[in-house]
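Structure record follows, encoded as structure tokens.
What follows is the structure in structure tokens.
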């Protein structure tokens with residue numbers, strides 16, 4: 002009877018979450034164009050219309066093209082940067098459609114990928130599909146943002162999950178190809194290839210590098226070398242350092258919208274008369290030192306955890322290691338948006354499963370609770386603290402929850418319960 006009620010409540014939660022995503026995410030995406038989609042669609046139209054792709058990073062010119070295609074809006078950033086050049090190819094298959102039609106097709110693809118991710122995770126972790134569905138949909142506002150903004154992150158996350166499933170099925174070349182497919186557009190999957198390179202899984206690495214190389218060659222062939230040269234010399238470095246302005250109202254490095262260590266320390270210690278008139282203390286050098294020390298400390302802690310996991314062997318260490326690296330990348334990135342949290346589907350699921358199978362139930366529930374909190378943060382109550390001296394830290398809930406999740410996972414890995422031995426099926430094994 003208890004199983005029946007537990008299953009009934011889980012199914013009801015799944016229905017409620019699905020309804021929430023439908024009403025708040027899918028319906029708005031099918032009804033109107035919002036935020037980031039114009040940048041993706043305009044760049045694709047520039048390609049198929051045979052315009053000068055070498056000018057993609059010319060903000061004024063790109064804004065003119067947005068107006069030409071009647072996609073200008075107050076929420077639209079009006080620029081192609083900081084996207085890598087292959088991003089312009091992403092919507093080329095849909096560029097002949099009306100913009101809203103293209104967004105609807107992208108939304109349908111994203112929803113199908115979301116469903117596919119649920120069943121893939123259920124297969125990988127031996128979870129019931131209903132439980133996997135509740136888990137995925139609990140990323141909440143991340144899904145809504147991805148759908149409403151016309152972002153490809155759900156598709157990217159699905160291919161990361163597919164790549165890991167193929168790795169478990171001993172298909173390393175295809176696994177690498179899945180990890181590499183979107184890496185030239187969104188950098189996140191590169192972290193998986195770096196891990197497999199470290200573990201000397203050369204076929205996975207070569208599959209990924211070959212796919213990345215192929216996409217780069219196609220991009221150069223279609224867009225020309227000039228735009229890639231501009232990206233490498235002028236855009237990439239600024240993007241990686243967080244020196245970019247994505248929207249007039251949300252200017253990095255002074256905004257809690259892109260919750261990161263960089264923007265937090267800049268808000269606290271860098272004075273700017275227009276964008277940050279009330280720092281905690283005007284000490285730019287302290288901001289730079291703080292960012293470096295914080296990120297270096299996090300990296301060292303991650304290395305310690307990965308070294309401890311490596312002693313378990315390549316196969317057993319893969320799941321928790323990928324989990325730690327996935328969280329790490331979002332934690333140290335100079336600017337992250339809410340919708341990027343759908344990329345946590347695979348890393349966090351692997352960590353929760355690893356902790357459960359190793360007897361760390363309290364820690365697994367803690368990680369799951371952090372994940373759900375990230376999915377339903379009421380930002381309208383936290384953003385008002387931004388730019389108010391020391392109270393600015395209250396405007397960064399996602400950053401601190403992510404940090405707590407990371408710290409909890411690392412602690413359990415470095416200091417496991419002595420009384421518990423890892424279960425034989427603690428993590429999926431390739432071929433099983």
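Residue numbers (the numbering used here): 2 to 433.
Beta carbons: idealized from backbone N, C-alpha and C, even for Gly.
Remember, predicted model here, so these are calculated numbers, not experimental data.
- Within the model, the alpha-carbon separation for residue 79 versus residue 241 is close to 20 angstroms.
- Residue 391: not part of any alpha helix (DSSP H); DSSP gives it neither H nor E.
- Relative to residue 170, the option among 360, 125, 129 whose CA is nearest is 125.
- Using a Cβ distance threshold of 8 angstroms, residue 100 and residue 72 count as a contacting pair.
- Counted as a single uninterrupted DSSP element, the stretch harbouring residue 53 is not any alpha helix (DSSP H), since DSSP gives it neither H nor E.
- Here DSSP, grouped into helix, strand and coil, assigns residue 267 to helix.
- In the DSSP assignment, the residues bridged to residue 277 are 273.
- Residue 385 and residue 396 have their C-alpha atoms spaced approximately 7 angstroms apart.
- Taking a contact to require three or more Cβ pairs closer than 8 angstroms, the segment 90-106 and the segment 23-34 qualify as touching.
- Per the Cβ contact rule, the segment 134-147 is not in contact with the segment 170-189 (fewer than 3 Cβ pairs under 8 angstroms).
- In this chain, residue 359 is not harboured by any alpha helix (DSSP H), its DSSP state being neither H nor E.
- Counting of Cβ neighbours within 10 angstroms places residue 390 among the exposed residues, the total staying below 16.
- Between residue 166 and residue 182, the alpha-carbon positions lie close to 15 angstroms from each other.
- Under the three-state reduction of DSSP, residue 261 is assigned to coil, being neither helix nor strand.
- Residue 380 carries a helical assignment under DSSP once its states are collapsed to helix, strand and coil.
- Distance check between residue 333 and each of 106, 306, 293 places 293 closest, using alpha-carbon atoms only.
- For residue 227, the CB contacts under 7 angstroms within the same chain, skipping 5 residues up- and downstream, are 55 in chain order.
- Rounded to the nearest whole angstrom, the C-alpha separation of residue 91 and residue 158 is 16 angstroms.
- In this chain, the alpha helix (DSSP H) harbouring residue 154 covers 154-169.
- Under a 10 Å Cβ-count criterion, residue 154 is classified as buried, with 16 or more other Cβ atoms of the shown protein chains found around its own Cβ.
- Each of 53, 326, 284, 113 was checked against the Cα of residue 89, and the nearest Cα belongs to 53.
- Distances from the alpha-carbon of residue 275 to those of 255, 291, 231 put 255 closest.
- In the structure shown, residue 227 adopts helical secondary structure according to DSSP, grouped into three states.
- With distances taken between CA atoms, residue 21 lies nearest to 377 out of 412, 377, 408.
- In the three-state reduction of the DSSP assignment, residue 283 falls in the coil class.
- If you draw a straight line from the Cα of residue 215 to the Cα of residue 131, it comes to about 38 angstroms.
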